[in-house]
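S.K.: Residue numbers (the working numbering), protein chains in the order written: chain A, 125 to 239; chain B, 767 to 883.
Got a structure here, written out as C-alpha cells. Questions coming.
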Amino acid sequence: AQSVTQLGSHVSVSEGALVLLRCNYSSSVPPYLFWYVQYPNQGLQLLLKYTSAATLVKGINGFEAEFKKSETSFHLTKPSAHMSDAAEYFCAVRGLGSSASKIIFGSGTRLSIRP
Amino acid sequence: ETGVTQTPRHLVMGMTNKKSLKCEQHLGHNAMYWYKQSAKKPLELMFVYNFKEQTENNSVPSRFSPECPNSSHLFLHLHTLQPEDSALYLCASSQDIRGGSGSGELFFGEGSRLTVL
Chain A
125 AQSVTQLGSH VSVSEGALVL LRCNYSSSVP PYLFWYVQYP NQGLQLLLKY
175 TSAATLVKGI NGFEAEFKKS ETSFHLTKPS AHMSDAAEYF CAVRGLGSSA
225 SKIIFGSGTR LSIRP
Chain B
767 ETGVTQTPRH LVMGMTNKKS LKCEQHLGHN AMYWYKQSAK KPLELMFVYN
817 FKEQTENNSV PSRFSPECPN SSHLFLHLHT LQPEDSALYL CASSQDIRGG
867 SGSGELFFGE GSRLTVL
C-alpha cells in the first residue's frame, strides 16, 4: 500500500531562514505526490504537486519540492521563511491502478517561524 | 461561491443525537471524500464516492453513514456517536482519475468541527 512519512512533527526556523520539510514515500512506481498546507481552523490547500512532468516542482507562496526517485523523497523547501508561513504542512500520495481512488496523507509537520 | 462548502462549521451533540454534516462542491468534480482529522493523528480517509458510487469505505463504524445523492453533494449522517468521534471532519472533491488521466488533487472545504459530549 502507498504511504508517506514526514520526518519531524515540528520544525522551527527564524524569519528569513531556509525552510526544509521532509517527506519520503513508499512506492515501487513513481506515484502522484502532493504538499498541502493547513492554517488554523481551515481546510487543506494545495501547495504543489508532482505528476512526473518535472522533478523540480514550483508551487504557491514561494515553495518548491524536488522529486528524487533514488531517495524516494519529495522534500519541501522555501529559501526565506516569512511569518505568514507558520502552519501545518502535509505530504500526500495518490496511488495508481486499484489504489487510484484515494490520497493518503502523512502525519503532518507544524512549521513555526521565530521573529 | 467558494469551491467546497461545508455546513455546519461547528456542531455539538450528545451521544444519543442524530445529526448530519453537509458538503457541496461547485467545481464540476465527480469524486467526493470524507476525511477525519483528530488531534495528533494523521488524516484518516473515511469514504470515497466516484460518480455517486461509494468506492472506498475505510472500515468506518456504522454510526457514520454517508450519502451522495449527486456528484455535487455529500452528506455524513451521525448517530449514537462516542466522545472519541470528536474531530474535524473534512470534505474534499476531485476529478475522478480511475480512467488514468490527471493527478486528481483534492480540493478541501474548511471542515466541520464536531464535539460529542
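We put the CB at the ideal spot given by N, CA and C, even for glycine.
None of these values were measured; they are calculated from a predicted model.
So, at 6 Å on beta carbons, what are the nonlocal neighbours of E212/A in its own chain, with the 5 sequence-adjacent residues on each side left out?
M.R.: Within the first sequence, the letter at position 88 stands for residue 212/A. Cβ within range, chain order: Q162, G232 and R234.
S.K.: What three-state label does DSSP hand M207/A in the structure shown?
M.R.: Here residue 207/A refers to the residue found at position 83 of the first sequence. Note: M207/A maps to helix in three-state DSSP.
S.K.: How about T773/B: is its C-beta nearer than 7 Å to some C-beta of chain A?
M.R.: Within the second sequence, numbered from 1, the residue matching residue 773/B stands at position 7. No, T773/B lies away from the interface with chain A (no Cβ there is under 7 Å from its Cβ).
S.K.: Name the chain A residues whose beta carbon is nearer than 7 Å to that of T821/B?
M.R.: The residue given as residue 821/B occupies position 55 in the second sequence. Per Cβ cutoff of 7 Å: S225.
S.K.: Grouping DSSP H, G and I as helix and E and B as strand, with all else coil, what is K806/B?
M.R.: Counted from its first residue, the second sequence places residue 806/B at position 40. Note: K806/B maps to coil in three-state DSSP.
S.K.: Look at the Cβ atom of E822/B, then the Cβ atom of K226/A, and state whether they are nearer than 7 Å.
M.R.: What you label residue 822/B is simply residue 56 of the second sequence in a count that begins at 1. What you label residue 226/A is simply residue 102 of the first sequence in a count that begins at 1. Their beta carbons are under 7 Å apart, which means E822/B touches K226/A by this criterion.
S.K.: So, using beta-carbon positions, are R238/A and S138/A closer together than 7 Å?
M.R.: Here residue 238/A refers to the residue found at position 114 when the first sequence is read from its first residue. Here residue 138/A refers to the residue found at position 14 when the first sequence is read from its first residue. Yes, these two residues count as a Cβ contact at 7 Å.
S.K.: Using DSSP's beta-bridge definition, name the partner residues of N826/B.
M.R.: Here the question's residue 826/B lines up with position 60 in the second sequence. Checking the sequence, you will find Val at residue 826/B rather than Asn. Answer is none; V826/B lacks a bridge partner.
S.K.: Return no unless some Cβ of chain B is closer than 7 Å to the Cβ of Y156/A.
M.R.: The residue you call residue 156/A lines up with position 32 of the first sequence. Interface residue, yes.
S.K.: Count the C-beta pairs between the stretch 783-794 of chain B and the stretch 840-848 of chain B that are closer than 8 Å, then say yes if the count reaches three, no if not.
M.R.: With a cut-off of 8 Å, the stretch 840-848 of chain B and the stretch 783-794 of chain B count as touching, because enough Cβ pairs lie within range.
S.K.: State the start and end residues of the unbroken beta strand (DSSP E) segment that holds N783/B.
M.R.: Here residue 783/B is taken as the residue at index 17 of the second sequence, counted from 1. Unbroken run through N783/B: none, as it is neither H nor E.
S.K.: Does any residue of chain A have a CB that is nearer than 7 Å to the CB of L847/B?
M.R.: Start at 1 with the first residue of the second sequence, and residue 847/B comes out as number 81. L847/B does not count as touching chain A.
S.K.: Smallest Cα separation from G140/A: which of G230/A, G186/A, L220/A and T196/A?
M.R.: As a working mapping, residue 140/A is identified with position 16 in the first sequence. Nearest option by C-alpha distance: G186/A.
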